[in-house]
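Protein chains in written order, with my numbering: chain B, 12 to 204; chain D, 12 to 204; chain A, 12 to 204; chain F, 12 to 204. Heads up, the beta-carbon is just placed ideally off N, CA and C, and yes, glycines get one too.
Protein chains: 4
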Amino acid sequence: MAELTRRTSGVRHGGRSAQVVDRVRAAVLAEITRLGFAGITIDGVAKAAGVNRTTIYRRWPTKAELLGAVAEPILAELGTDPATGSFRGDLLVLMRRLRDSAARPEGRLLSDAIRSSAAELQDLVTRASVRTLGPFERAAERAVARGEIGDAARAAVAAHLAFSGLVMWEQVRGAPAGDADCVLILETVLGPA
Amino acid sequence: MAELTRRTSGVRHGGRSAQVVDRVRAAVLAEITRLGFAGITIDGVAKAAGVNRTTIYRRWPTKAELLGAVAEPILAELGTDPATGSFRGDLLVLMRRLRDSAARPEGRLLSDAIRSSAAELQDLVTRASVRTLGPFERAAERAVARGEIGDAARAAVAAHLAFSGLVMWEQVRGAPAGDADCVLILETVLGPA
Amino acid sequence: MAELTRRTSGVRHGGRSAQVVDRVRAAVLAEITRLGFAGITIDGVAKAAGVNRTTIYRRWPTKAELLGAVAEPILAELGTDPATGSFRGDLLVLMRRLRDSAARPEGRLLSDAIRSSAAELQDLVTRASVRTLGPFERAAERAVARGEIGDAARAAVAAHLAFSGLVMWEQVRGAPAGDADCVLILETVLGPA
Amino acid sequence: MAELTRRTSGVRHGGRSAQVVDRVRAAVLAEITRLGFAGITIDGVAKAAGVNRTTIYRRWPTKAELLGAVAEPILAELGTDPATGSFRGDLLVLMRRLRDSAARPEGRLLSDAIRSSAAELQDLVTRASVRTLGPFERAAERAVARGEIGDAARAAVAAHLAFSGLVMWEQVRGAPAGDADCVLILETVLGPA
DNA sequence: TTATAATCGAGACGGTACGTCACGTCTTAGT
DNA sequence: ACTAAGACGTGACGTACCGTCTCGATTATAA
């Protein structure tokens, strides 16, 4: 998945190039807000960004790369590991972070992408899943290492359920998850505190 | 969502009409197997079915209706309530049923649809979600009514997690859920037996 | 070209059949007024007539036959020979008659058809041309027979010009021909009175 | 009406673009020969030209523009004024020119278009009429200015008749106008030389 | 008065063409 | 070194008519 740099080798003209990148990024987010993840088109992004369509294709040859580049910052953010010292604490932090991100266009992009089954976005989907689920899984591993939970598979499933339950929440229940919902999920997969 | 009959009243030409419906249905499933849910096109279905494209449009004006019609049987199947007498038993049945269905093209259609965020499929998505999640939720309600679980919200979340965890399983973990996975999920959301 | 009777052999069921024929005929004229000659579709006529599309096809297998049937009365009217006793008088009568007819939908149908180059309407076009131009040509022949004009070819051309000039008048000049225009045409092709 | 160049400013790719334009133009003429004016379809032209259908739509958004572009050269040719010094001479030149053009596909396109009553071609029809009839009318005006004819309306009608008579000739009489026919028309509308 | 044949309404289908949208690629000109 | 601009092929979309077919329901006349 492309990072937010040009694919062709060579010097980057700081000013102009960076401007293009920024405008395209902003345009993608605006389009997500306007039309939703599935409604994004290169044409639309180009127009919204005031940039030529070919310019986008040059920099991000596929839609997956474009979206991946836009999602990169939030992916990085969601990819970091918390360190509360307890599985319960880690999961709660991760869930709240994920929930909060879904309120932003980048987050919507991410969670819609994770659920998507489009072949053309396979790269993005996999990468986004791995990096977003990662901290959940590592929290589980730490819990096992710390002896909080004996059964590693059990810990992994708990992490998976917390993640999946949250990712599917709005799609299935029609409203974003609240703070209490996060706590409920947590107590359901880990038992009452 | 259309059932697998003509929208207008009265299918007359039992023979020919029924044949068309059957062939289109089969073609949709074949295309799902071949290209995946997101790869389905009316053109492709028409060709695979050996039927004219306009014939499909006449009967199912939107893609959501076409897919909904094809999904109807499995929706009906997954929409029935088990009656094992216990929440645990009900959930296990529901999960296994859902897991098994995912191995068939109709099931793949369904679970991919449920995760999809395509605007054009909103109808299908909602309907599929409601009908497939329904038995999970009703099982939770019965559990509450029976006094198995005191907290209704807690029961509902358990149902939601079992459902979501299963629907996202393959997408996120790369392989279909096994029997042991179902049990693990069950023990995670309801506690050990 | 079909007359306004059923093509299949057998008895005509006076009431119902006649009603259908009348309503279709009225619908064709209404559609000509609404959409113009080129805008006529069988679908549209059927809807406007409150008659099933297949009923129209049964009776008039081609569009040319349908239109021909509708045009028949006016064709008959325009096909009769005047007898003023002079070429000049005959032509004037014929021109005025043709001009007047163009104000009615049937007449518009006719003159648009005569100018049309649609292959599917070849039958109609030929028939309409022959029958409408006929009186002009016969008037020329009578003039020659009477000795009014010596040169038969010359007389025929005069008839042709009067006819063509009138048929093209509105199309080219943007407004229907007036009485004075008819006289001008007459004096142009036959010389001043 | 579009000229035979791109609608947007500046054709850049002299080679490729020009080639496409040429091939489409040739294809239109070929299709006219093959199927007649009324039988022309964008699909057919695209196939005959070995060009994609959307390419045609991009360049000529409507059929009227496409046909207008193809007709442009002959329109330009038929739009020039002769200067024989006499009404009679001018008309004869104009008639022969028009008659000759009808032997070529472009000319057939033109005269069929002029007679057409299709709403979608209104632009083309008007433009073609105006530009083709124009020289006839201006010849009449010059005749009046020169004092050849006293009555301007009379001169205009003579021009109109010569034009209409010729345009309708083949449609009504079944064979193209010969040289002698042109002379006959001339003598009919202007009197013997 | 009832058969019976003609006719109609309704639904469906295959097919052609339409005009549009989005994709991804290429080339040339300009900055 | 990039970007803008224009063009193109390709595939899919959803719609409008065309002409044909079959079935079931009427209906008007002829037995």
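Beta-carbon proximity list for residue i, same chain, < 6 Å, skipping 5 on both sides
| i | result |
| --- | --- |
| residue 155 of chain B | 163 and 166 |
| residue 99 of chain F | 201 |
| residue 143 of chain F | 89 |
| residue 189 of chain B | none |
| residue 174 of chain B | 144 and 147 |
| residue 160 of chain A | 154 and 166 |
| residue 122 of chain F | 113 and 178 |
| residue 97 of chain F | none |
Cβ neighbour criterion (16 or more within 10 Å) applied to residue i
| i | result |
| --- | --- |
| residue 88 of chain A | exposed |
| residue 202 of chain F | exposed |
| residue 158 of chain D | exposed |
| residue 191 of chain A | exposed |
| residue 101 of chain B | buried |
| residue 29 of chain A | exposed |
Residues near residue i in its chain [Cβ-Cβ closer than 7 Å; skip 5 each side]
| i | result |
| --- | --- |
| residue 108 of chain F | 89 |
| residue 176 of chain A | 196 |
| residue 116 of chain D | 40, 43 and 44 |
| residue 56 of chain B | 35, 38, 39, 42 and 67 |
| residue 103 of chain B | 193 and 197 |
| residue 120 of chain D | 43, 48, 78, 81 and 82 |
| residue 185 of chain A | none |
Contact set for residue i: own chain, Cβ-Cβ below 8 Å, skip 5 residues either direction
| i | result |
| --- | --- |
| residue 182 of chain D | 126 |
| residue 34 of chain F | 60, 61 and 62 |
| residue 131 of chain B | 73, 74 and 75 |
| residue 149 of chain D | 92 |
| residue 133 of chain A | 75 |
| residue 204 of chain D | 99 and 198 |
Contact check, residue i vs residue j, beta carbons under 8 Å
| i | j | result |
| --- | --- | --- |
| residue 172 of chain D | residue 200 of chain B | yes |
| residue 42 of chain A | residue 59 of chain A | yes |
| residue 6 of chain F | residue 31 of chain A | Nothing in the structure corresponds to residue 6 of chain F, since chain F is present only between 12 and 204. |
| residue 129 of chain A | residue 49 of chain F | yes |
| residue 118 of chain D | residue 85 of chain D | yes |
| residue 39 of chain A | residue 81 of chain A | yes |
| residue 94 of chain D | residue 187 of chain D | no |
| residue 64 of chain F | residue 53 of chain F | yes |
| residue 170 of chain F | residue 147 of chain F | yes |
| residue 193 of chain B | residue 70 of chain B | no |
| residue 106 of chain D | residue 179 of chain B | no |
As assigned by DSSP and simplified to three states, the class of residue i
| i | result |
| --- | --- |
| residue 115 of chain A | coil |
| residue 71 of chain B | coil |
| residue 44 of chain D | helix |
| residue 97 of chain A | coil |
| residue 187 of chain D | coil |
| residue 140 of chain D | helix |
| residue 53 of chain A | helix |
| residue 202 of chain D | coil |
| residue 123 of chain D | helix |
| residue 33 of chain A | helix |
| residue 145 of chain B | helix |
| residue 128 of chain B | coil |
| residue 66 of chain D | helix |
| residue 159 of chain A | coil |
| residue 79 of chain D | helix |
| residue 134 of chain A | helix |
Open item on the list: Below 8 Å, how does it come out for the stretch 142-157 of chain F and the stretch 64-81 of chain F: are there three or more Cβ pairs, yes or no?
Closed with: No, the stretch 142-157 of chain F is not in contact with the stretch 64-81 of chain F.
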